[in-house]
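**Q** I'd like to ask you about the structure that follows.
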Amino acid sequence: MKKHISTILLAIFFVLSAIAHYAGFPPVLQFIFSAIAVILVAGFLGRATESVAHYAGQRLGGFLNATFGNAAELIIAIMLLREGLYDMVKASLTGSIIGNLLLVLGLSIFAGGVKHKVQNFNVALANMNGSLMIVAVIALFVPALFLNTHSITHPQANTLSLIVAGILILAYIAWLIFSMVTHKNYLGDVKTVSVGGDVHGAVAVDNAERPAVAASTASASGMDATMTGAPPSSVHANVAETHEEEEPAWTKGRSILYLLIATVMTAFVSEWLVGTLETFTSSFGFSELFVGAFVVAIIGNAAEHSAAILLAMKNKIGASVEIAVGSSLQIALFVAPVLVFVSFFLGNTMDIVFTTLELVAIMVSVFIAKSIIQDGSTNWYEGLLLIVVYIILGVSFYMV
Amino acid sequence: MKKHISTILLAIFFVLSAIAHYAGFPPVLQFIFSAIAVILVAGFLGRATESVAHYAGQRLGGFLNATFGNAAELIIAIMLLREGLYDMVKASLTGSIIGNLLLVLGLSIFAGGVKHKVQNFNVALANMNGSLMIVAVIALFVPALFLNTHSITHPQANTLSLIVAGILILAYIAWLIFSMVTHKNYLGDVKTVSVGGDVHGAVAVDNAERPAVAASTASASGMDATMTGAPPSSVHANVAETHEEEEPAWTKGRSILYLLIATVMTAFVSEWLVGTLETFTSSFGFSELFVGAFVVAIIGNAAEHSAAILLAMKNKIGASVEIAVGSSLQIALFVAPVLVFVSFFLGNTMDIVFTTLELVAIMVSVFIAKSIIQDGSTNWYEGLLLIVVYIILGVSFYMV
Amino acid sequence: MKKHISTILLAIFFVLSAIAHYAGFPPVLQFIFSAIAVILVAGFLGRATESVAHYAGQRLGGFLNATFGNAAELIIAIMLLREGLYDMVKASLTGSIIGNLLLVLGLSIFAGGVKHKVQNFNVALANMNGSLMIVAVIALFVPALFLNTHSITHPQANTLSLIVAGILILAYIAWLIFSMVTHKNYLGDVKTVSVGGDVHGAVAVDNAERPAVAASTASASGMDATMTGAPPSSVHANVAETHEEEEPAWTKGRSILYLLIATVMTAFVSEWLVGTLETFTSSFGFSELFVGAFVVAIIGNAAEHSAAILLAMKNKIGASVEIAVGSSLQIALFVAPVLVFVSFFLGNTMDIVFTTLELVAIMVSVFIAKSIIQDGSTNWYEGLLLIVVYIILGVSFYMV
């Protein structure tokens, strides 16, 4: 019944935004309809991804969610590029990165932590993610530093941006090869085992070849030998139990179809939303920076929000982390570089030089997120800390 | 006999400072008497806290020591506020933070490390402290950045300071709820176990529900299963042994009484000390920054010094870390915000914008302290590193 | 046969550079001959060190390699000092630090990771190295900050540099005492154990007193109790196997002799190389910064390169990390301070104030290297990330 209502609402607002856009309704109305439509479509995208993830495993599922979620981000950004709104693009990219690392991750960890005292996920993966975040920050920071110290000129900064963009895309593709092919099991899903009502650690679901994981989560009860050395059958039995809990609503084929439909719908409502931004900015007196970094980013990331929080509450924190952190990394290491190339082909290269405020916002987000995930273990207070940092940044950007 | 001498000295210098203050003795004499009195009272405060901690457990004991120690800091700061010496307040807060993170922690780790080869403490707690330190740095850094880049005005910086101060106080209260209530055991005391004369790791004293701790300290000898799975009786036996070693001098009631008396005495000698600072600064030609950040801070933190170092040498490094790091966090997340509100109610809001030198000093202290405690294990060289950083900062600030 | 060819080439180019230098050949030719000679001598130095390391153990061997390798660096720098080329000295020191932390370490981890899926080394050592790196960055950053904010004058910066240099040398000597004497076993070599073709973790070779190591590498298979509790005989058997694999070519005495000869040869070819640098810079239009930080550093570090990469591929990643990271630390904490004192005695103190670009390059190198080694476990992608950062810095410096 609930699902039918949301489907109907989705259809209604999708059509309303379409009409508002093409019939030229008042801008504020257009914004409201589009914003709601984007959020509803995002929820649809979230449910479709969750369904696909059910068949594909936590990590691949999280990756798909992040990727299709970022499809919306990429489309919005290309449209902003075509209109020459380069600063809004960078503000929006910044907003996506910090929104994912702080708000999505924070709400997920908080929600999951309130339900489950301690949640664990693969530490090796957390460490790799942490290092990737640092490389992303370095790649964004160094060109900006060289330009702002007048060590290089603007044309040189454009060239440097293209080179760095190329390097980042190659590094991201290599990451996919590493995480999906050569070290797939090393970073595999980790199942949190409860014994006697208390969380006792995590046992690798796929493979015993995971020193870092086992070490960081070995139970204090002396039972880890039993758990990690458990014969495959009992482990699979555990995983099977989890599957039995879920009762997926859609078949595999239908899930993939809905995922594609949801992505296409996202593209359209994003275009309608962008068209209203300029009016929104002047009507409410917000700065372009705040609108890009917070308003656009929150609306555009609603997909990650819904899926990640739901998964965390279902004790699948590994997927939530993959969605939030994976999405940030994808924005920094893939979407931003791709946009640099797109702008180049459109004839006016957008450099990779963010403003000082944007860079600092990204840096502090990376520092706190890395600090929180690097032990492969989360609780409600860590989620609260991430949200606190997001609020501090939000209030500061609001005042600009 | 030794205790009687120190009590007599304490009484003497307390009275001397009182007389020097109210009778208007030469300022240098006032300073000397007050400084010695502050240090002696701090020692008294330290012994009283240690005694209370004996009944309340390492963590709660360390928390009480930090809190009552910071009471002196808070009182000194409010008096400086009333005299409008805002810059000295911030220098003093900076000095407290870096003094605790580098000098107190460093001396404790060094002293303990010389006696005991490797000392361990709860890693989950170390990680949470590390994340809290990062949030504190972010909360102090972001408003300063926005003001110094002229992105916001001074009135806006004041508003932002009040908002951030409110957020930090709420975050600190939430931390108390997390660490004292919901996850009390998760962050509980850890007892370092010696086997065959070598340190073999740490076993949780309170509860087996501690994946991160067990993992980071699992012994290499394969004995952890035995130790962590030990029936409660043997664990309690171990703790009981420790208690038997100590032979507390005061009863629980007397300890609490002495704690309160010591705090009141601290308030008085602090007021007398502050009254001499201006003369001290001009007499010796020090900069206000150096006096606030090093002289005031060292004298004011003498309480933490004595207790933390003694506890480390008694192989209770967890308490030392709690005192030093907990005190820094309390200054950054509670005392500083409270002072912002106090200044607001006094009619002239003090913003939360520290100078560049102060911010960098805090940041480097956080980085090195976090790096050293995050593995939950310490040795004498790590203590030395902290002291080295403190000396480098001290010499640099001295030259300003 | 292969060794004879390389010995002959070495002799040929050594003589050629000598002739080119003293007979006054065209500068470009001098540069080419000297550069090739430096690289060949470095290879010789590498083989000699590897041979000595075979007798002295991984860590001591790595330390010797780093020290003798840095001898070349120190000699080049003193010659640059005598010619008053202070900026080139700092650029060269920067280049050594980032070259070791990014290029040497990156190539080693990459090469080793391609052959061996996951490689492990002593985590306690990795953590200590990480903290030392942070102290090095702080020691270089604080004086520069105080000078650049005009908080201190240039003469004061010179004094501060001498004081900081003295502190660093003492800290480095204390590190040698800590790592070679008091906690030798705590940081001892770790042997990666393969079970069933998969890497299952690392077992301490020397001593069971290593909580951090065991914890971070405890196998997930439940076999760690067996492995770490293994009777000494089986462990020694394992080590003996490794020794049998190697079949050292030279005796202990001959290895040490060759090591000394190689060092003396390095001194000479370095002097000849430096003489050509000024022409090289103007001929090719490179900036002094790029030449110092990348060209000189790469050529001068060729010794570390060859040895470290070979050792990583032989699954002795602990030695590679010791060479690369140990070398960086030695440059920052010993060589740079010594140069400050040498310049003082030559009559014109070189301060320890690096340029903003150099400081940032060192900082980002430390951040990413620390992030990658701190879990005591490496794979090919982490090596790639280090190389990526090096390329980004290289391209940026090239454009200056």
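Going down the list, the sequences are from chains A, B and C.
Note that the working numbering gives residue 388 to position 388 of the first sequence, counting from 1, and the numbers run on in steps of one.
Quick note, the working numbering runs 1000 ahead of the 1-based positions in the second sequence.
Quick note, the working numbering runs 2000 ahead of the 1-based positions in the third sequence.
We put the CB at the ideal spot given by N, CA and C, even for glycine.
Predicted model, so just to flag it, every value in this text is computed and none were measured.
Counting along the chain, where does the alpha helix (DSSP H) carrying C:E2083 start and finish?
**A** That residue, C:E2083, is in no alpha helix (DSSP H); it is neither H nor E in DSSP.
**Q** Is it buried or exposed, C:H2154, if we count other Cβ atoms within 10 angstroms and call 16 or more buried?
**A** That one is exposed.
**Q** Could one say the Cβ of A:I392 lies closer than 8 Å to chain B's Cβ atoms, at least one of them?
**A** With 8 Å as the cut-off, A:I392 counts as an interface residue toward chain B.
**Q** Determine, for A:N127, whether the minimum Cβ-Cβ distance to residues of chain B falls below 8 Å.
**A** No, because no Cβ of chain B sits closer than 8 Å to the Cβ of A:N127.
**Q** Residues in its own chain within less than 6 Å of C:G2106 by CB, not counting five upstream and five downstream?
**A** Here the set comprises G2383, L2386, I2387.
**Q** Determine the direct distance from the alpha carbon of C:S2092 to that of C:A2077, and round the result to whole angstroms.
**A** The straight-line gap from Cα to Cα measures roughly 8 Å.
**Q** At which residue ranges does the stretch 347–394 of chain A contain complete alpha helix (DSSP H) runs of 4 or more residues, listed in the order of the chain?
**A** Within the stretch 347–394 of chain A, the complete alpha helix (DSSP H) runs of at least 4 residues are 356–373.
**Q** When DSSP labels each residue in this structure, what does B:N1315 get in the three-state scheme?
**A** In the structure shown, B:N1315 sits in coil (DSSP, three-state: anything other than H, G, I, E or B).
**Q** Can you grab the Cα-Cα spacing for the pair B:L1168 / C:K2370, in whole Å?
**A** Cα to Cα, the separation comes out at about 30 Å.
**Q** Whole angstroms are fine: how far does the CA of C:F2294 sit from the CA of A:H171?
**A** The question names His, but residue 171 of chain A is Ala in the sequence shown. For A:A171 and C:F2294, the distance between alpha carbons rounds to 22 Å.
**Q** Please confirm if B:V1164 has its CB atom under 8 Å from at least one CB of chain A.
**A** Chain A, which has a Cβ nearer than 8 Å to the Cβ of B:V1164, makes this yes.
**Q** Among the candidates A:G166, A:L311, A:T276, A:S6, whose CA atom is the shortest distance from the CA of A:G24?
**A** Considering only alpha carbons, the answer is A:T276.
**Q** Can you check which of these residues, C:I2373, C:S2034, C:P2026, is closest to C:V2015 by C-alpha distance?
**A** Among C:I2373, C:S2034, C:P2026, the Cα nearest to that of C:V2015 is on C:S2034.
**Q** According to DSSP, simplified to helix, strand and coil, what is A:N120?
**A** Reduced to three states, the DSSP call for A:N120 is strand.
**Q** Count the CB pairs spanning the stretch 329–341 of chain A and the stretch 124–135 of chain A that are closer than 8 Å, and state whether there are at least three.
**A** Yes, since at least three Cβ pairs between the stretch 329–341 of chain A and the stretch 124–135 of chain A fall closer than 8 Å, the two stretches touch.
**Q** Is it the case that the stretch 1308–1320 of chain B contacts the stretch 1115–1122 of chain B, given that we only count it when at least three CB pairs across the two stretches are under 8 Å?
**A** Touching, per the Cβ criterion.
**Q** Tell me the DSSP secondary structure of A:K184 in three-state form.
**A** Three-state result, A:K184: coil.
**Q** Looking at chain A, is there any beta carbon in it that lies within less than 8 Å of the beta carbon of C:L2257?
**A** It does not; no Cβ of chain A falls within 8 Å.
**Q** Say the cut is 7 Å; is the CB of C:M2265 nearer than that to a heavy atom of the ligand NAP?
**A** For the ligand NAP, the structure offers nothing, since it holds no ligand at all.
**Q** Could you check what DSSP says for B:H1004 in three-state terms: helix, strand or coil?
**A** B:H1004: helix per DSSP, three-state reduction.
**Q** Strictly below 7 Å CB to CB, what residues from chain C border A:A139?
**A** Neighbours of A:A139 on chain C, chain order: I2392.
**Q** Does the beta-carbon of C:Y2022 have 16 or more other beta-carbons within 10 angstroms, so that it is buried, or is it exposed?
**A** When all chains shown are included, C:Y2022 counts as exposed.
**Q** Return helix, strand or coil for A:A225, following the three-state DSSP convention.
**A** With a pLDDT of only 31 at A:A225, under the threshold of 50, the placement of this residue in the model should not be trusted, and no figure is reported.
**Q** For B:N1379, return the contacting residues in chain C, with the cut-off set at a CB-CB distance below 7 Å.
**A** Correct list: H2183.
**Q** Here's the rule: buried if 16 or more other CB atoms are within 10 angstroms of the residue's CB, otherwise exposed. What is A:R82?
**A** Exposed, by the Cβ-count rule.
**Q** Taking beta-carbon pairs under 9 Å, can you tell me which members of the stretch 1313–1324 of chain B lie near chain C?
**A** Residues passing the 9 Å Cβ filter: none.
**Q** Please name the residue in C:V2366, C:A2020, C:A2324, C:I2032 whose C-alpha comes closest to that of C:F2141.
**A** Taking only the C-alpha atoms, the option nearest C:F2141 is C:V2366.
**Q** If I measure Cβ to Cβ from A:G394 and keep anything under 7 Å in the same chain, skipping five residues before and after, which residues do I get?
**A** Hits under 7 Å: F294.
**Q** So, B:S1255 versus B:A1048, is the Cβ gap smaller than 8 Å?
**A** For B:S1255 and B:A1048, yes; Cβs fall inside 8 Å.
**Q** In chain order, what residues of the same chain have a beta carbon less than 8 Å from the beta carbon of C:L2064, not counting five sequence neighbours either side?
**A** The residues are T2049, V2052, A2053, A2056, L2259.
**Q** Is A:F25 helix, strand or coil when you go by DSSP?
**A** Coil, per DSSP.
**Q** What three-state label does DSSP hand C:H2429 in the structure shown?
**A** An answer regarding residue 2429 of chain C cannot be provided, because it is not within the stretch 2001 to 2400 covered by chain C.
**Q** Are the CB atoms of C:V2353 and C:V2038 within a distance shorter than 8 Å?
**A** No, Cβ-Cβ distance for C:V2038 and C:V2353 is not below 8 Å.
**Q** Mapping DSSP to helix, strand and coil, what is C:G2253?
**A** DSSP places C:G2253 in helix when its eight states are reduced to three.
**Q** Let me check understanding here. Comparing Cα to Cα, which of A:G292, A:F44, A:V342 lies closest to A:S96?
**A** Taking only the C-alpha atoms, the option nearest A:S96 is A:G292.
**Q** Indicate the three-state DSSP secondary structure (helix, strand or coil) for B:S1234 in the structure shown.
**A** Because B:S1234 sits at a pLDDT of 33, beneath the cut-off of 50, its placement in the model cannot be relied upon, and the following sentence gives the value as read from the coordinates. Looking at B:S1234 - three-state DSSP - the assignment turns out to be helix.
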